[in-house]
Structure formats: C-alpha cells, structure tokens
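Engineer: Take the sequence shown: its letters are residues -15 to 923, numbered as in the numbering used here.
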Amino acid sequence: MITLDTSVLLGYYQARTGQLNGASASTVSPSKSKAVVPTAPWMSGSAEPSAMVKAALNGRKFVDEAGNATSLKGASGDYKKLFATYQALNTLSAIAARASEKGVTDGELKRLQTALTKGLSEVTAYTQNMSLDQGRLTPGAVMATDRSTVGVPKNVYGYITDTIYSGVSDDEVPKFQGNVSFDLAVKKFGVTTNVTMDLSQMGATPRTMSNVVSFMNGKLKAEGFETSFAVERKVGEARTVQVNGQPVKLPATGDDFALRVKGDSTEQLTFTATAASPAVYITTAAGNPDPDKDTKTDDAVIENTLTKYSAAGGGQPGGKVFSETLQGTISSVRKTVSGADGSIYMLADVTKDVSGQVIKGDQDVALLKYDSAGQLLFARSLGATDSASGLNLAVAADGSVAVAGSVTGRLQGAADGPINSDATSGKTDSFVTRYDAKGDEQWTVRRGAMLEDEATAVAFGSDGILYVGGRSKSDLPGSTSAAGGGYDSYLTAFATDLNGGPKALFTEKFGTAENDSVSDIVVNGSQVVVGGKENGNAILRSFTLAPTVVTENATSVTPAGVMVTTPVTYTKTATLSVGAVRDLGSLKGGELAGLKIDGGRLYIGGHTSNGALSIGNRTAGASGGSDGFVGRLSLDLTDTSGDTLAYYGGTGDDTVTGMAVANGSAWLVGAAGKDLEGQTTVGEKDGYVAQIDVGTGAVSWSQRLTGKDGYATPTSIAVDRAGSSSLDAFGLPKGAMDFTQSERLISATAARAGDTFQIRTRERGTLTTITIGAKDTLETLADKIKRASGFRAKVEMSSDGNARKLKISPAYATSTIEILAGKGGTDVLQALGLASGVVRNTKVESGKTVSADGGGPVFGLQLAPELDLSDEAGRKNATSVITRAMSAVRTAYREIADIAMGVDSSAASTSGKTGGTVPAYLKNQISNYQAALNRLTGG
C-alpha cells in the first residue's frame, strides 16, 4: 500500500493545476515530500476591486505580509513575500482599472494618480530589499547586458543637403542656372585658403548634378584638400493614388538628388556668398484643433513646421527655400532667434522625447539649433522632473544662449532661490538657463516666490549680465518693491560669479493692483528697456544699471588633480536706477509681441483693438477689429518727436504672434482675419506674414499662410539680415560647418547634474549611489560604474549609427550587478536609456538556463519608475506594466513551488519520446495519485 501526505499532495496539486502549464513530464524527488506549498491568492480569489481602491484611497498600506497568514502555515517565508507583492500589485491594477472607467472626475483621477504613485514606490522599495530563500526578485528587469537606448552623438565628418532636384541624373539643374557662386574657406593646420565655386567658370558644360560636383571637386583637389563633394541619389518610388475609389499605381516621377559633403577632421569649412539679402524664418502650427467637433475630446493632431523664405528681386522676401516638418513631440514653438553665425535657435515645449532624448516628466523645454539650410545641429532638453515651459529665448553675439520660463516640481542641479515653491506644491517657479556657444549648460537658476511666478523675457547685456523679466503673485527674494496685487511684473539680473555659478544682482518689482506681465526686454549699453502689459495698457519702462566689475583669483582642480589659480573678471555687484516710463494706452484685449532695437531706435509690436495708441505720426491707420501694429520710438522714452506708428490688418480680427526687425523694416506674423486686405483666403483659418515699412506704412511684401486641414497659425519669426544667398541653391548652410558634438551627458541627454542611480553587487547588499556630474561623459560615467561595482561590472561603449551608447555586463562569470533607480526624484536611468534590474551571466544546468553565480533564479517585475493615469495611453500602459509584474510573481511562485516539491521543471521542456507504451511504473504512480485525489475531493 502506498501512503501519501495529503497536505503535500493537495499543495502540490494546487501549485501545478492550471498554473504550471502541465507537468506530465516532471519528476518529483521523495526528499521534498514534506514541503508545504500554500494556496496562491490568485487561486482563492481576492477582495473586490472597488474595495481595494477604496482602501488605497483611504491611505491603507499596499504591502501587507500578514494579509495571507492563514494560508501560509508551515510554508516557506518566500510565499509570504511573494503574496504580499502580488496583493499590492493587484491593488495597483484595480486603481488603473478604475481610472479607465467612464465617469471618473478630474478630482478622483488626481487622487487615483496619487495613490498609484504611492503604491508603486512602496512596491519598488519592498522588492528591492527583499530576500528569498529560493530565488531573487528585482523591481526591474533581468538581463545579461544592460544596453542604453539613449546615445551621445558621434562626430560625423559629413553633411547631406535636402533634395536639390528631382528628375533624371543627366538633367540640368534649374537652381544651378544663371549667376550662381559661393566661397568656401578651408582652414587646415592654421592656414585658411579661400576657394570660389563660381559655376560660370564651367563655360558650356551642362550644369547637371554630376558635372557641378566634378567642377567643385577639381577646385578642392587643386588646393590639395581632402574635403570633397558627391551626389546623393534617392531612387524615385512608384506612387499609388485613388481614382473613383480604386487604387491606381503610377510610375515614379524621377529620382531625388542632393549634395553630400565629405569632410575631414583636419579641415574646417566655412561657407559664404556675396550679394546676401535678408532671410525670413517662420514657424507654424497647423491642423484642425477640433476634428470631431466635440470640445470634450482631445483629438487634434497639430503639425509644427519651420519655413525659410528667401529674398527676391528688389531685396524683398518671396521665394520659399525649404519647409521642414518638426518632430511630432514638439507641442508648441515659443520663439526663434537668428544667431550671428547664421544659425536659427528655437525654443519649444516637448512631450515624450526630443531628438532621442527621453524627457522625465509630462512636458519639458527644448533648445534646438538649426543651420540656415534647416538641418538640426543639436537639441538640449532642460530635464525637469514634472513639467516645464519655455517662454523666452535670447542669443548673444558670441553664441551664448539663454532660455527662460516656468518649472513645476524638481529641477535637479539648479541653483535654488531662498523661497522657491516646494517641489510637491504644484506651483510654478521662474527659471533661466545659460548655455555656451557649443550648447553646454553653464548654469541654471530657479528663483521663485511662495506663490506662482514665471520668467517671460530674457536678454543679454554687457559685462556678461543676463536680464530676466517676468511676473509673480507674491514677493520675490530681494525685491525692492512690494506686490501691488494679482500678478506683478519683475526685472532681475544674473551674472556668472567667481566660481562659474549664477549670482543674483538685483530684483525690481513693479505693477498695478491688477494683473501685470513683462513681454520683452532690450538692452542698449547700460540702459534696459522693459515692455509689458499693466492693467491692460502697453507700458515701457527704462532702467539704468551701474555694474561693479572686478578681477579676482579663482582656485580650481584640474582633471589630473592639480590645484591651479586663474584670474577671473566678472560682475560682482550692480546698482539699478529707475528711469522714464511711457504709457502707450490700452491694448483693449490685445498683446505685445516684442521689442527690438534697430538703427538706434526702439521698435514695439503687437496687436490691439485700440486704433488710437499714444504713438504719434501714424503712417497707416487701423482697419477695425483687432489689428497688428508696429511703433518706432526714441530709446529715452521721453522724446516723442520721432514717433512713428503703422497699423496692419483687415476689418476682421488679426493677431500678432511674432515680430522681427532688420534694416529698418518690420515683419509681423500672426492669425489672419477673413478679409485681410490684399490676401485671398486660402484655408479655414489662415496665418499671415507681412513686411512693413514703418516710416511710410507701406506693406513691402505679404503672404497668407495655410497648412494641414486648412488651419495654420504662425508661432514665431526670425530674420537674418544676410541669410539668403546662392548657398540656398546648393542646400548648403551659411557659416562654419561644425562636425563636432558635445560629449557631455547633460547636453546629449535629459540628465541633469546631480541626478543619480544606484548599484550593488549582491542581494540586499549596500547600495552605492552614482551621481551625474556637470562635465560627465560616457567615459567618466563608465569609470564611476566600474569603481562603484568594485570592478565587477564591465562597462563598454557601443556604436549605434551616429551615436555612442553604454553597455553594462558582468566582468566575471559569477558577477551579478543590480542597477536601481535614484531616490528622491533624482533618478537618471530613464534619461540615460538604462533599465533597472539585475545584470548577470547564465549557464545551463540539466538543460535549464540558470544564473551563473549560483544564487538561484532571478525574477524581474519590470516596473516603471512612474506610471501616468492622466490620459488613455498612459492608463493602458499602466495596466500593461502592472499585469506584466503580476505575471512575474506568478512565475516566481511556480518555480519556487517546483523547487519545494523537488520538481525538475526542465524535464517538462525536454524534447523526448511522445508516443509508444506508457511504462508500468508510471501507470501505477499516476493511478495512486488519482486515487488519493479522489479521496481528497470525494470523487
């Protein structure tokens, strides 16, 4: 007679039935016959989802090891921990499911998000410190190698233009006809040689792509240079169109041809052209804002573009050079500015990612630099943990860049003001970031008040001073005037101190008892002019700054550990004096678009329904409704003798969203009314661009703009005084062609100085924190990881296209590395594209893949650091992530149950004989098991 321990058999039966995908080929070791395998919570049922959600919202702990005590009697402590983890994940799943139901209010959704974030943090902390007898559990993934998905751009010594011509290779290129030439300066080993590419020197040779390339290469070869040109050809593809509802395939219209520049690391190239004229760059947001005509849904798909217009005969803009569709994650373009080198700097708000940089929060700020041919040179993201908005942008003559805006939540590595809003308050603070000419961040300062505030204007001055204007609901630190009520305007300034950080020089607050704001700032030597809206009126304020500039010695340590002393000249203090104030009258619901200085005069632009602004000498009158306007004034704000004012618009409502001034002309862009004079309506809602001679009020050039779905709104404009030339015909950029890229992690990724992640080399071992430094590169980060792991981690750089990426793997066969997220909102893993979890080698034992360190199986929950319930996509992702984690716990339970029962689960997956006669011993064993089960279940 065969006797069986019924509790063992019942536990084994429950562990296997329906959960282990069958075990007909498994074997059981008699030595494990006394093990207890408890009933899993997913087998016995759980609390109603609504009850779990209610308990979580009421503050109940997510992880409760005592929750399954009755089913764990005599069982291994591993089950208690697994079941507690599962129950916590089950509650998170119920929260995500509730958030996906119809009728959930915004208030409840916010409470659900708070509970989900709390529970996710609780589960992550619990599992990363968990110790199991029969395995390991990590909140992250289980990997043989942790490969970064975010890279640092490589220096690529090449350039491919946009398409120059579409057709046949032997065709003459229309853009190459006529008087077309440019100059190429090649600097090699300190010597610069100018090479003129004048196509008229080709004589009667047809100006085809290949012939022009051969001509230019001959010029370069004659000078002994390695740089060369080539034809880049893209074979045309057949097209499919719909005719009477049926697809019709059409042949390709021709191939696309572009130029390729093959550069050399020893040769610096600079492109220039004679007879250059102004170029106009316009960004546009296009797309139907409400396709389904339901204001409750968010179904708009907006497309942002950057378009360049060249100058035609007479020096006026007209011809379109290019129109580039911007990355889809750009939600809005705030401002564009032309640089002294011909580049275009763009400030945008982004979601999800930008140019491969994964952002950390819901929205971030991006600084994008394009060359004059429309190609992206670099992208920089601010790296805000929660949300940030870019509101203004300035570019200095030396290429330095400043970005200003508002930020909510944590902004790691920023120099904080003394009374900033708490990171968890949800209130906005002002920020400003300064970059050098290569796009490397020099410093970021966050300087706010107890209530909401934001920086809306920024400008460079002399002596390295950066002026920032904005608005605040409460007093700012160091402000000399008390708040007047509502939002008040402020002007502050920062200088780079002796140690390279930001130093606040002063803060001046001004305004009325109503809401006030600053629109723009311009600097003329020691004079600062602030333009804003105060109680609905357009107000100009003048200030004078008297800086104290000193030279002092700064001590620093070189990378080699040598202490050096260097004299540094910087602005130590400054005194601000209040000057003239000029009230231009009520804007009547309008807005100011900007201030500019040109030819020693002050220009102000915007839109208003007030046809009688307080600016003399009106050269073009208002047309009714809301009109655009440009005023030209004296910089001292007191002399009105040279006033000039020109309105622009139709009888409908026209707005101004951007203004640029160059060579005495002003350009306006904005939303066009239906009857804008001289421009025929194109789409449902058009935009416009207009060049205005303020002195005469004449419109030199105008164009109505449309876009996707018949909707278009220009969002910014920049004018380069000499940006249009023959280089446009070749698709080549103006200025120096810089093939190099910044190697700094905080430039190439969304990482910020001070961001962290953790690493350890044994289960529940001491965690070592790795902190990102301001000058860290992939190489220096790799060295930090190696040292933190006691050199048990092998860290390499891999090449992926035009990027270099990090790769972490065990240095030895038995090495195991666990990588965990940084604490306190400083996690950098997502920004670096690294996964959290266990990295270990594997080996094969008895046909089964196991960890090579002998520590048993490793189970990864693959939880994300954050989950978002604010939209449908986020809720679906949260549900997917939580479901995957719950599945991992069930897998851990099954495998630990196998080990407890002595089951060789590898036998179940081993290929073998499936037909033939069942051996007698196996028949007897199955018969005895079945009889025991019948007795237990009454069968």
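Where is the CB? At the ideal position from N, CA and C, for every residue including glycine.
Just the C-alpha distance for residue 71 and residue 46, rounded to the nearest angstrom, thanks.
Structural biologist: Here residue 71 refers to the residue found at position 87 when the sequence shown is read from its first residue. Here residue 46 refers to the residue found at position 62 when the sequence shown is read from its first residue. Cα to Cα, residue 71 sits roughly 8 Å from residue 46.
Engineer: Over the uninterrupted alpha helix (DSSP H) stretch that includes residue 62, give me the two end residues.
Structural biologist: The residue you call residue 62 lines up with position 78 of the sequence shown. First-last of the alpha helix (DSSP H) with residue 62: 61 to 83.
Engineer: If contacts are defined as beta-carbon pairs under 8 Å, then residue 454 and residue 441 qualify, I think. What distance do you get, rounded to the angstrom?
Structural biologist: The count along the sequence shown starts at 1 and reaches residue 454 at position 470. The count along the sequence shown starts at 1 and reaches residue 441 at position 457. Correct: roughly 7 Å between the Cβ atoms.
Engineer: By how many angstroms is the C-alpha of residue 212 removed from the C-alpha of residue 708?
Structural biologist: What you label residue 708 is simply residue 724 of the sequence shown in a count that begins at 1. What you label residue 212 is simply residue 228 of the sequence shown in a count that begins at 1. Near 24 Å, if we compare the C-alpha coordinates of residue 212 and residue 708.
Engineer: Could you name each continuous alpha helix (DSSP H) segment of 4 residues or more that falls completely within the segment 244 to 273, going from the start of the chain to the end?
Structural biologist: Counting whole runs of 4 or more residues, the segment 244 to 273 contains no alpha helix (DSSP H) stretch at all.
Engineer: Between residue 984 and residue 698, which are expected to be in contact by the criterion C-beta below 8 Å, what is the C-beta distance as a whole number of angstroms?
Structural biologist: Within the shown structure, residues of the chain are numbered from -15 to 923, placing residue 984 beyond reach of any answer.
Engineer: Buried or exposed for residue 860, going by 16 or more other Cβ atoms inside 10 Å?
Structural biologist: Here residue 860 is taken as the residue at index 876 of the sequence shown, counted from 1. When all chains shown are included, residue 860 counts as exposed.
Engineer: Between the Cα of residue 316 and the Cα atoms of 327, 331 and 326, which residue gives the shortest distance?
Structural biologist: One-based indexing of the sequence shown puts residue 316 at position 332. Nearest C-alpha to residue 316: 331.
Engineer: Leaving out five residues on either side along the sequence, give the residues of the same chain with a beta carbon under 8 Å from the beta carbon of residue 635.
Structural biologist: As a position in the sequence shown, residue 635 is number 651, starting the count at 1. For residue 635, where only same-chain residues beyond five positions count, the Cβ hits under 8 Å are 607, 608, 609, 657 and 659.
Engineer: Identify every residue that forms a DSSP beta bridge with residue 804.
Structural biologist: Within the sequence shown, numbered from 1, the residue matching residue 804 stands at position 820. Paired residue(s): 742.
Engineer: For residue 895, does the three-state DSSP call read helix, strand or coil?
Structural biologist: Counting from one through the sequence shown, the residue named residue 895 turns up at place 911. The predicted model places residue 895 with a pLDDT of 46, which falls under 50 and marks its position as unreliable; any figure quoted below should be read in that light. It is coil, neither helix nor strand.
Engineer: Less than 7 Å separating the beta-carbons of residue 396 and residue 736?
Structural biologist: Looking up residue 396 in the sequence shown gives position 412. Looking up residue 736 in the sequence shown gives position 752. Against a cut-off of 7 Å, the Cβ pair of residue 736 and residue 396 comes out as a contact.
Engineer: Could you compute how far the alpha carbon of residue 415 sits from the alpha carbon of residue 368?
Structural biologist: Counted from its first residue, the sequence shown places residue 415 at position 431. Counted from its first residue, the sequence shown places residue 368 at position 384. The straight-line gap from Cα to Cα measures roughly 11 Å.
Engineer: Taking all protein chains shown into account, do 16 or more other C-beta atoms lie within 10 angstroms of the C-beta of residue 558, making it buried, or fewer, making it exposed?
Structural biologist: For the purposes of this step, residue 558 is identified with residue 574 of the sequence shown, where counting begins at 1. Classification for residue 558: buried.
Engineer: Between which two residues does the alpha helix (DSSP H) harbouring residue 946 extend?
Structural biologist: Because the chain in this structure spans residues -15 to 923, residue 946 falls outside the shown range and cannot be described.
Engineer: Would you decide whether residue 789 is buried or exposed? Buried here means 16 or more other CB atoms lie within 10 Å of its CB.
Structural biologist: Within the sequence shown, the letter at position 805 stands for residue 789. Under this definition residue 789 is a buried residue.
Engineer: Using the beta-carbon count (16 or more within 10 Å), is residue 759 buried or exposed?
Structural biologist: What you label residue 759 is simply residue 775 of the sequence shown in a count that begins at 1. The residue is exposed, with fewer than 16 neighbouring Cβ atoms inside 10 Å.
Engineer: I'd like to know whether the C-beta atoms of residue 588 and residue 579 end up nearer to each other than 7 Å.
Structural biologist: Counting from 1 along the sequence shown, the entry for residue 588 is found at position 604. Counting from 1 along the sequence shown, the entry for residue 579 is found at position 595. Yes, these two residues count as a Cβ contact at 7 Å.
Engineer: Which residue comes first and which comes last in the beta strand (DSSP E) that contains residue 672?
Structural biologist: Residue numbering aside, residue 672 sits at position 688 when the sequence shown is read from its first letter. Residue 672 -> beta strand (DSSP E) spans 671 to 677.
Engineer: Give every residue of the same chain whose Cβ lies closer than 7 Å to the Cβ of residue 570, excluding the five residues on either side of it in the sequence, and list them in chain order.
Structural biologist: Position 586 of the sequence shown holds residue 570. Result list for residue 570: 520, 521 and 594, in chain order.
Engineer: Using a threshold of 7 Å, state whether the C-beta atoms of residue 586 and residue 629 are closer than that.
Structural biologist: The count along the sequence shown starts at 1 and reaches residue 586 at position 602. The count along the sequence shown starts at 1 and reaches residue 629 at position 645. No, they are not a contact pair.
Engineer: Which term fits residue 78, buried or exposed, when burial requires 16 or more other beta carbons within 10 angstroms of its beta carbon?
Structural biologist: What you label residue 78 is simply residue 94 of the sequence shown in a count that begins at 1. Per the 10 Å Cβ criterion, buried.
Engineer: DSSP three-state call for residue 643: helix, strand or coil?
Structural biologist: Counted from its first residue, the sequence shown places residue 643 at position 659. The answer is strand: DSSP assigns residue 643 an E or B state.
Engineer: Can you check DSSP and say which residues form a bridge with residue 528?
Structural biologist: Stepping through the sequence shown from its first residue, residue 528 is reached at position 544. Looking at the DSSP assignment, residue 528 forms a beta bridge with 511 and 561.
Engineer: What beta strand (DSSP E) runs, 3 residues minimum, are completely inside the segment 711 to 795?
Structural biologist: Counting only runs of 3 or more, we get 719 to 721, 740 to 744, 752 to 755, 777 to 784 and 787 to 794.
Engineer: Taking residue 292 as the reference, give the member of 278, 355 and 255 with the closest Cα.
Structural biologist: As a position in the sequence shown, residue 292 is number 308, starting the count at 1. That would be 355, whose Cα lies nearest to the Cα of residue 292.
Engineer: Under a Cβ-count criterion, where at least 16 other Cβ atoms within 10 Å of its own Cβ denotes burial, should residue 857 be classed as buried or exposed?
Structural biologist: For the purposes of this step, residue 857 is identified with residue 873 of the sequence shown, where counting begins at 1. The residue in question, residue 857, is exposed, as its Cβ has fewer than 16 Cβ neighbours within 10 Å.
Engineer: Roughly how many angstroms lie between the CA atoms of residue 209 and residue 254, to the nearest whole one?
Structural biologist: Position 225 of the sequence shown holds residue 209. Position 270 of the sequence shown holds residue 254. When rounded, the distance between both Cα atoms is 14 Å.
Engineer: Only counting the same chain, and skipping five residues up and downstream in sequence, which positions put a Cβ closer than 6 Å to that of residue 190?
Structural biologist: Within the sequence shown, numbered from 1, the residue matching residue 190 stands at position 206. These residues qualify, in order along the chain: 156.
Engineer: With burial defined as no fewer than 16 other Cβ atoms inside 10 Å of the residue's Cβ, what is the status of residue 844: buried or exposed?
Structural biologist: Mapped onto the sequence shown, residue 844 falls at position 860. Buried, because 16 or more other Cβ atoms sit within 10 Å of the Cβ of residue 844.
Engineer: Quick one: is residue 939 buried, meaning 16 or more other Cβ sit within 10 Å of its Cβ, or exposed?
Structural biologist: A question about residue 939 goes unanswered here, because the residues of the chain that appear run from -15 up to 923.
Engineer: Just tell me which of 195, 161 and 119 has its CA closest to the CA of residue 154.
Structural biologist: Residue numbering aside, residue 154 sits at position 170 when the sequence shown is read from its first letter. Comparing Cα-Cα distances from residue 154 to each of 195, 161 and 119, the minimum goes to 195.
Engineer: Taking residue 592 as part of the beta strand (DSSP E), name the residues at either end of that continuous run.
Structural biologist: Numbered from its first residue, the sequence shown carries residue 592 at position 608. Taken as a continuous stretch (DSSP letters only), the beta strand (DSSP E) holding residue 592 covers 585 to 592.
Engineer: Can you tell me whether residue 262 is buried or exposed? The criterion is at least 16 other CB atoms within 10 Å of its CB, across all chains shown.
Structural biologist: Position 278 of the sequence shown, counting from 1, holds the residue named residue 262. Label assigned to residue 262: buried.
Engineer: Hey, quick one: how far does the beta strand (DSSP E) through residue 474 stretch, first residue to last?
Structural biologist: As a first step, residue 474 must be located in the sequence shown, where it is residue number 490. Here the beta strand (DSSP E) through residue 474 covers 472 to 480.
Engineer: When you compare the CB positions of residue 621 and residue 564, do they come within less than 7 Å of one another, or not?
Structural biologist: Counted from its first residue, the sequence shown places residue 621 at position 637. Counted from its first residue, the sequence shown places residue 564 at position 580. A contact, by the Cβ cut-off of 7 Å.
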